[in-house]
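S.K.: So for the sequence shown, full-length UniProt numbering puts the first residue at 1; every next one is plus one. For reference, the structure I am asking about is given below.
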Amino acid sequence: MTMGCSQVDDDDLLVHTSSAEARPRNPLQPDHLLDQPASPLTAAARLLSSATAPITVTLFPGDGIGPEIAESVKQVFREAEVPIVWEEHYVGTEIDPKTQSFLTWESLESVRRNKVGLKGPMATPIGKGHRSLNLTLRKELNLFANVRPCYSLPGYKTRYDDVDLITIRENTEGEYSGLEHQNLELLLQGRLNRRNMNVAGIRSEFRASKIELPLFDIGDDPDEWAYTAEWHFSLQQLTPAEKLDAAVVRGVVESLKIITRQASLRVAEYAFHYAKAHGRERVSAIHKANIMQKTDGLFLKCCREVAEKYPEIRYEEVVIDNCCMMLVKNPALFDVLVMPNLYGDIISDLCAGLIGGLGLTPSCNIGEGGIALAEAVHGSAPDIAGKNLANPTALLLSSVSMLRHLELHDKADRIQDAILNTIAEGKFRTADLGGKSSTTDFTRAICDHL
């Protein structure tokens, strides 16, 4: 595949392409952007939508601006007479022992029972804190694929006016498996076990010995000071062999990247099925197999196996860093992109930037057994929470994706058209879109366009 770039590093070469030309795009083509493929995964959803009774949907309003934009969705759905009954769940105030997060087991059971949900933004702790709420949902509900349509919006000018692509991210493993550890802790614990000492004893002896600290800059965190003190004192007590081990692991943290054949085949199959169901012509597997030959190599091997079953879909493999460059230069080169977890997290946000930001980007997580959890992927914006300034577009478009999963296409069409027409008209836009409208005014304008 010729990308028209003047220089590509040796470790960034594309390997295994099967097509050269990029197809022309129509980013305004209706109804093909937000829906999910009609696959066995949506069988339960079809069963739900065929019933005469209203469909029960789990709703997580979320944190920060979440309740405000969730209210916008509920208002638009009422105006459009969508047959939805919301079952609302909020984040708890204590860690649930079953989930190891503030997300309660009852709320997870609600999604399992209803098979479909909508989630506002949830705050994620950085560094120390409880288990990520988003990670909890993905793991516990086995939401294996994150699907994000990315397309240029009519009437909203950005650097590009021809973006029309889909990112499909493996959602359950990779670098986000949560398998991290400090080697130093393992070494220290092993020493304590061998010498029958506890941490309290080491702290006491450290204070008595008055060992000079710090050995390196650790800031003002008292926990870090205490830990470093224990480490430094224990180092004085080590045998020569133990000191050698300590020298190797000092200041080292390890994170394990997990890639499995089962998960890779599953997300690849979904990507190709999606492409076929939506008239897409190309699937690009994004990787770094030239460096991570075993893990990303396995992912590519699985993608190739699945590609052989879809000869009508052109298949190519693109190195992650080269992919980023190509997306910024010419996003029209891509169609459907499938990738492991970390790459998908980065690339999908990059693509959102091409069309105006995360505030305009829908997202839907697909799980086995027909489960679908649509979500807003932007932050909780605590600085504007409660001020009636938030842009509800991302959650609204994600709710459209949810409706298409339920095969309520007429309702989805009406709401999607109303959202896009409101933005294109330009009279009512929130501040992040260059306007001065409040959340409620913007929502009311969408309802008027229905």
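Heads up, the beta-carbon is just placed ideally off N, CA and C, and yes, glycines get one too. All values reported here derive from a predicted model rather than from experimental measurement.
1) Per DSSP, what kind of secondary structure is residue 447 in: helix, strand or coil?
2) Taking one C-beta from the segment 56 to 68 and one from the segment 77 to 92 each time, how about it: are there three or more such pairs within less than 8 Å?
3) What first and last residue would you give for the alpha helix (DSSP H) that runs through residue 430?
4) What is the DSSP secondary structure of residue 233, reduced to helix, strand or coil?
5) Going by C-alpha distance, which of 389, 164 and 396 is nearest residue 275?
6) Where are the beta strand (DSSP E) runs, 3 residues long or more, that stay fully inside the segment 243 to 311, in chain order?
7) Could you check whether residue 306 and residue 269 sit closer than 7 Å to each other, using their CB atoms as the reference points?
8) Can you tell me whether DSSP reads residue 442 as helix, strand or coil?
9) State the Cα-Cα distance for the pair residue 146 and residue 170, rounded to the nearest angstrom.
10) List in chain order: all unbroken beta strand (DSSP E) runs of 3+ residues lying wholly within the segment 106 to 146.
11) Ordered along the chain, which non-local residues of its own chain (more than five positions away) have a Cβ less than 7 Å from that of residue 297?
12) Any chance you could list the beta strand (DSSP E) runs of at least 3 consecutive residues sitting entirely within the segment 52 to 106, in chain order?
13) Ignore the nearest five residues each way along the sequence and tell me which others in residue 441's own chain have a CB closer than 6 Å to its CB.
14) If I measure Cβ to Cβ from residue 359 and keep anything under 7 Å in the same chain, skipping five residues before and after, which residues do I get?
15) Look at the alpha carbon of residue 437 and the alpha carbon of residue 343, and state the distance between them as a whole number of angstroms.
16) Check this for me: beta carbons of residue 111 and residue 58, under 7 Å apart or not?
17) Candidates 320, 396, 176 and 137: which alpha carbon is nearest residue 412's?
18) So who's on the other strand from residue 339, going by DSSP bridges?
19) How about residue 266 and residue 144: do their beta carbons lie closer than 7 Å?
20) Pop quiz: residue 356 and residue 153 are said to be a contact at Cβ under 8 Å. What is the actual Cβ separation, rounded to whole angstroms?
21) Applying the 10 Å Cβ sphere with the 16-neighbour rule, what's the burial state of residue 291?
22) By how many angstroms is the C-alpha of residue 398 removed from the C-alpha of residue 416?
23) Alpha carbons only, please: which of 374, 407, 406 and 361 is nearest the one belonging to residue 419?
24) Between which residues of its own chain and residue 106 is the CB-CB distance below 8 Å, once the five residues before and five after are set aside?
M.R.: In this structure, then:
1) Secondary structure of residue 447 (DSSP, three-state): helix.
2) When Cβ pairs closer than 8 Å are counted between the two stretches, the segment 56 to 68 is seen to touch the segment 77 to 92, the count reaching three or more.
3) DSSP places residue 430 in no alpha helix (DSSP H); its state is neither H nor E.
4) Note that residue 233 scores a pLDDT of 49, beneath 50, so its modelled location is shaky; the value from the coordinates is reported in the next line. Helix.
5) Nearest of 389, 164 and 396 to residue 275, Cα basis: 164.
6) Listed in chain order, they are 253 to 255 and 282 to 287.
7) Contact flag set, yes.
8) Look at residue 442 here: in three-state DSSP terms it is helix.
9) In this structure, the alpha-carbon of residue 146 lies about 7 Å from that of residue 170.
10) Whole beta strand (DSSP E) segments, 3+ residues: 116 to 119.
11) Correct list, in chain order: 289.
12) Every beta strand (DSSP E) of 3 residues or more that sits fully in the segment 52 to 106 is shown, in chain order, as 55 to 60 and 84 to 88.
13) Cβ within range, chain order: 428.
14) Within the same chain, residue 359 has close Cβ partners 378, 391, 393, 394 and 432.
15) Near 35 Å, if we compare the C-alpha coordinates of residue 343 and residue 437.
16) Cβ distance < 7 Å, so residue 111 and residue 58 count as in contact.
17) Ranking 320, 396, 176 and 137 by Cα distance to residue 412 puts 396 first.
18) Checking the DSSP bridge columns, you'll see residue 339 partnered with 169.
19) Between residue 266 and residue 144, the gap from beta carbon to beta carbon is short of 7 Å.
20) Contact between residue 356 and residue 153 holds, with the beta-carbon distance rounding to 7 Å and staying under 8 Å.
21) Exposed is the call here.
22) Straight-line Cα distance between these residues: approximately 10 Å.
23) For the set 374, 407, 406 and 361, the Cα lying nearest the Cα of residue 419 is the one of 361.
24) Excluding its 5 nearest sequence neighbours in each direction, residue 106 has C-beta neighbours in its own chain below 8 Å: 89, listed in chain order.
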